[in-house]
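Below: one structure, written as structure tokens.
Number of protein chains: 2
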Amino acid sequence: MPLDPDSTVAILAHEKFPDRAKTAVGVLRYADYDVAAVLDRDRPGTRTADHVPDVQDAPVVADMDAALELGDLDALLIGIAPIGGGFDESWRADVRTALEHGCDVVAGLHYFLREDEEFADLAAMHGAELHDVREPHPDVGVSEGVADEVDADVVLTVGTDCSTGKMTATLELVQAAREAGIDAGFVPTGQTGIMIAGWGNPIDRVVSDFTAGAVEEMILEKGDEHEMLFVEGQGSIVHPAYSAVTCGILHGAMADALVLCHVEGKEVIHGYEEFELPSVETYVDLYEDLAAPVSEAAVVAGMLNTSSVEGDAAAREVLDAYAEKLDAPATDPIRFDAAEVLDALR
Amino acid sequence: MPLDPDSTVAILAHEKFPDRAKTAVGVLRYADYDVAAVLDRDRPGTRTADHVPDVQDAPVVADMDAALELGDLDALLIGIAPIGGGFDESWRADVRTALEHGCDVVAGLHYFLREDEEFADLAAMHGAELHDVREPHPDVGVSEGVADEVDADVVLTVGTDCSTGKMTATLELVQAAREAGIDAGFVPTGQTGIMIAGWGNPIDRVVSDFTAGAVEEMILEKGDEHEMLFVEGQGSIVHPAYSAVTCGILHGAMADALVLCHVEGKEVIHGYEEFELPSVETYVDLYEDLAAPVSEAAVVAGMLNTSSVEGDAAAREVLDAYAEKLDAPATDPIRFDAAEVLDALR
Numbered sequence: 063m064p065l066d067p068d069s070t071v072a073i074l075a076h077e078k079f080p081d082r083a084k085t086a087v088g089v090l091r092y093a094d095y096d097v098a099a100v101l102d103r104d105r106p107g108t109r110t111a112d113h114v115p116d117v118q119d120a121p122v123v124a125d126m127d128a129a130l131e132l133g134d135l136d137a138l139l140i141g142i143a144p145i146g147g148g149f150d151e152s153w154r155a156d157v158r159t160a161l162e163h164g165c166d167v168v169a170g171l172h173y174f175l176r177e178d179e180e181f182a183d184l185a186a187m188h189g190a191e192l193h194d195v196r197e198p199h200p201d202v203g204v205s206e207g208v209a210d211e212v213d214a215d216v217v218l219t220v221g222t223d224c225s226t227g228k229m230t231a232t233l234e235l236v237q238a239a240r241e242a243g244i245d246a247g248f249v250p251t252g253q254t255g256i257m258i259a260g261w262g263n264p265i266d267r268v269v270s271d272f273t274a275g276a277v278e279e280m281i282l283e284k285g286d287e288h289e290m291l292f293v294e295g296q297g298s299i300v301h302p303a304y305s306a307v308t309c310g311i312l313h314g315a316m317a318d319a320l321v322l323c324h325v326e327g328k329e330v331i332h333g334y335e336e337f338e339l340p341s342v343e344t345y346v347d348l349y350e351d352l353a354a355p356v357s358e359a360a361v362v363a364g365m366l367n368t369s370s371v372e373g374d375a376a377a378r379e380v381l382d383a384y385a386e387k388l389d390a391p392a393t394d395p396i397r398f399d400a401a402e403v404l405d406a407l408r
Numbered sequence: 063m064p065l066d067p068d069s070t071v072a073i074l075a076h077e078k079f080p081d082r083a084k085t086a087v088g089v090l091r092y093a094d095y096d097v098a099a100v101l102d103r104d105r106p107g108t109r110t111a112d113h114v115p116d117v118q119d120a121p122v123v124a125d126m127d128a129a130l131e132l133g134d135l136d137a138l139l140i141g142i143a144p145i146g147g148g149f150d151e152s153w154r155a156d157v158r159t160a161l162e163h164g165c166d167v168v169a170g171l172h173y174f175l176r177e178d179e180e181f182a183d184l185a186a187m188h189g190a191e192l193h194d195v196r197e198p199h200p201d202v203g204v205s206e207g208v209a210d211e212v213d214a215d216v217v218l219t220v221g222t223d224c225s226t227g228k229m230t231a232t233l234e235l236v237q238a239a240r241e242a243g244i245d246a247g248f249v250p251t252g253q254t255g256i257m258i259a260g261w262g263n264p265i266d267r268v269v270s271d272f273t274a275g276a277v278e279e280m281i282l283e284k285g286d287e288h289e290m291l292f293v294e295g296q297g298s299i300v301h302p303a304y305s306a307v308t309c310g311i312l313h314g315a316m317a318d319a320l321v322l323c324h325v326e327g328k329e330v331i332h333g334y335e336e337f338e339l340p341s342v343e344t345y346v347d348l349y350e351d352l353a354a355p356v357s358e359a360a361v362v363a364g365m366l367n368t369s370s371v372e373g374d375a376a377a378r379e380v381l382d383a384y385a386e387k388l389d390a391p392a393t394d395p396i397r398f399d400a401a402e403v404l405d406a407l408r
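Quick note, the sequences are listed as chains A and B, same order.
Counting in this note's numbering, the first sequence tops out at residue 408, every number present.
Counting in this note's numbering, the second sequence tops out at residue 408, every number present.
Shown next, in the form of structure tokens:
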């Protein structure tokens, strides 16, 4: 993938920046390559910093032609995902323009760009590449149970449900660790994380027999390069649909420490409202007991999304209550700071 | 698939029948379609019953031509799997002969027969079909968490490791239930089970996000047709490589009862000998605690492979010890009878 620290990219987020463009905002906040422009035909003439705090500042432009006027670009990223993961035909002109200028295109859609005949032809003609990050690379295999042999301390985020901030918590921990002088690496497991990191395998798309193996492979690849590795978790170990992915990551990562991510006030599984979340204490027991026979790991810290709580003082109170249930320190990495729990992970 | 009670098939098991032909023996023991012949070029002129007890009796012949001389056949099954799942070129002539006579060919290899140009051409020419049972059908999706809504009582076999007799236990329970007058159905999850049942999805080959969904789909398909459904489990919940599959089946099946399968004397995970098996009591807790938030299920019986124990009296002793650890009745379904634990499942 063309996404290394020397790269310069544009991000397509038409009509959805920033609130419905999770990938675009994630890249602007956490990626270590340059974003030269965001494409949103509803907001040309503004800047990213006008819409969302703590991100790379870049102009918002109407289309790919306008982005290219700002200078050379290595890639166009599709930074939004409609429900269902389809390709919106209103994006076609921008993708075409990118390819005609030799820019790679990176997408995390269910619809694979490389299977689109026009895009495949244009890419071949102009020496550009199409990267569909939802497609696992084909040579993954079964886990050998050796991820614990890497030099780095491995920290895995786990959750009480999907969308409990595992990717954000992981990336905030990486930033906090680096600010503390630790050589920290990030292991992505989902499409947005992969776009931010510029590498990685989408674990939820891997053949189920290879779930743990695909995680192990990534940890072996990076585990001797860093002091600490922060692995992005997925789903929840008691999710009616996605627990297989969570379990495979838990056993494939063989982490030294777990961080439990939760959303204050959440009581049922999103989209499966007849299933109540068990207690925080039950999650701690489930994750620790299930990890132990493969590789012992304790929940040593918690991350809580307190955005539903008004006022920092009240947020501190719910964090204290969460920490007590965990018997470990907890923070809200967006409202406060991930650094508050970093000591517990070392 | 052409494998219904009216079908007549031959099974290819060259040079490996019966000891290294697990699929062939499973089909001979449990399938409800007729096996007209087994192909083994090392043992022509013998009969299946000469080699293995409690199976359909059928002649062993040298090749597919000899099998066809016995009468019309609906299909040829590949009943052996070399390490790696490749296609052995010494089988090509028999597959060719089958297709030329309009026989379907059913295989559970990693090598897909339908991607073999010669076989695909022959099948098209003679109106035969190629069935690769390791390939999931393409329209599986995510679980909706509704498998518990079927009329049948659902029983799932779970294990302390791979190869602990989960498929055998499941099929022996189906037979015992039917002998007791219960309308019992079998839900296969692996290639041999699928060949025996004549339908089903190989759960270990499904995209990991759809693991639970693929199991749920099968239970919804059969769950209102039977009084009891017996679901074939896979792997182990603490297997370093395959736990994702186990976890997806556990949550997708939403079983009413679990049966824990173990091999007497087994202390470490096969192929992963540095990982010790936790205690039987720990397995019971892990499976029950992990199932509960999605759908409560207790381990209500155990199955123990006592083939390493000499003498039935000694086998009874180890079964009693296993039953005590489980706090539930236990049997060896091959040495004794699955019917011994049937009452506990109702």
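Backbone N, C-alpha and C fix where the C-beta goes; we use that ideal spot for every residue, glycine too.
Against chain B, a Cβ distance below 7 Å from A:H313 picks out P302 and S305. With contacts defined by Cβ atoms closer than 8 Å, B:I265 and B:T254 do not form a contacting pair. Runs of the alpha helix (DSSP H) spanning 4 or more residues and lying entirely within the region 137 to 188 of chain B occur at 154 to 162 and 179 to 188, in chain order. Against A:I299, the close residues of chain B are C309 and L352, in the order they occur along the chain (beta-carbon pairs closer than 8 Å). For A:Y334, the nearest beta carbon of chain B is closer than 8 Å to its own beta carbon. Runs of the alpha helix (DSSP H) lying entirely within the region 246 to 296 of chain B, each at least 4 residues long, are 253 to 259 and 273 to 284 in chain order. With respect to the 8 Å criterion, B:P106 and B:V87 are not classified as neighbours on the basis of their beta carbons.
Between the region 63 to 82 of chain B and the region 135 to 151 of chain B there are three or more C-beta pairs closer than 8 Å, enough to call the two in contact. In terms of CA proximity to A:D405, A:G364 leads the group A:A376, A:G364, A:V114 and A:A377.
Going by DSSP, A:L388 is part of the alpha helix (DSSP H) stretching over D374 to L388.
For A:P340, the chain B residues whose C-beta falls within less than 9 Å of its own C-beta are A354 and P355, listed in chain order.
By the rule that beta-carbons nearer than 8 Å mark a contact, A:A274 touches chain B. Annotation: B:A242 to B:F398 spans about 16 Å, alpha carbon to alpha carbon.
The Cβ atoms of B:A231 and B:T219 lie closer than 8 Å to each other. Burial check for B:V330: the Cβ neighbour count within 10 Å stays below 16, so the residue is exposed. Secondary structure note for B:T222: it is in no alpha helix (DSSP H), with a DSSP letter that is neither H nor E. With a threshold of 8 Å between beta carbons, B:R267 makes contact with chain A.
DSSP, reduced to helix, strand and coil, places A:L135 outside both helices and strands of the structure shown, so it counts as coil. Under the DSSP assignment, A:D405 falls in the alpha helix (DSSP H) whose first and last residues are L404 to L407. Annotation for A:L339: no alpha helix (DSSP H) segment contains it, and DSSP assigns it neither H nor E. Taking C-alpha positions only, A:T273 is separated from B:A128 by approximately 44 Å. Straight across, the Cα-Cα distance linking A:S341 with A:G327 is about 12 Å.
In chain order, D351 and L352 make up the part of chain B whose C-beta sits under 7 Å from the C-beta of A:L348.
Of the residues B:G333, B:A354 and B:D102, the one whose Cα lies closest to the Cα of A:E338 is B:A354.
Using beta-carbon distances, B:G170 does not count as an interface residue toward chain A, since no partner is under 8 Å.
Contact between A:A317 and A:V216 holds: CB atoms are separated by about 5 Å, below the 8 Å threshold.
Shown here, A:E335 sits in a strand according to DSSP, grouped into three states. CA-to-CA, the gap between B:E197 and A:E197 works out to about 18 Å.
At a cut-off of 8 Å between beta carbons, A:V100 makes no contact with chain B. With respect to the 8 Å criterion, A:L388 and A:Y349 are not classified as neighbours on the basis of their beta carbons. At a cut-off of 8 Å between beta-carbon atoms, A:F174 makes no contact with chain B. For B:A363, the enclosing beta strand (DSSP E) covers residues A360 to N367. Apart from the 5 residues on each side of it in sequence, B:E234 sits with its Cβ closer than 6 Å to the Cβ of P395 and A400 in its chain, given in chain order. In its chain, beyond the 5 residues on either side, A83, A86, V100, L101, D102, G141 and I142 have a beta carbon closer than 7 Å to the beta carbon of B:A75. Residue contact with chain B for A:V204: present (Cβ-Cβ distance below 8 Å to some residue of chain B). Chain-ordered listing is empty here: chain B has no CB closer than 7 Å to the CB of A:D318, the nearest sitting near 16 Å.
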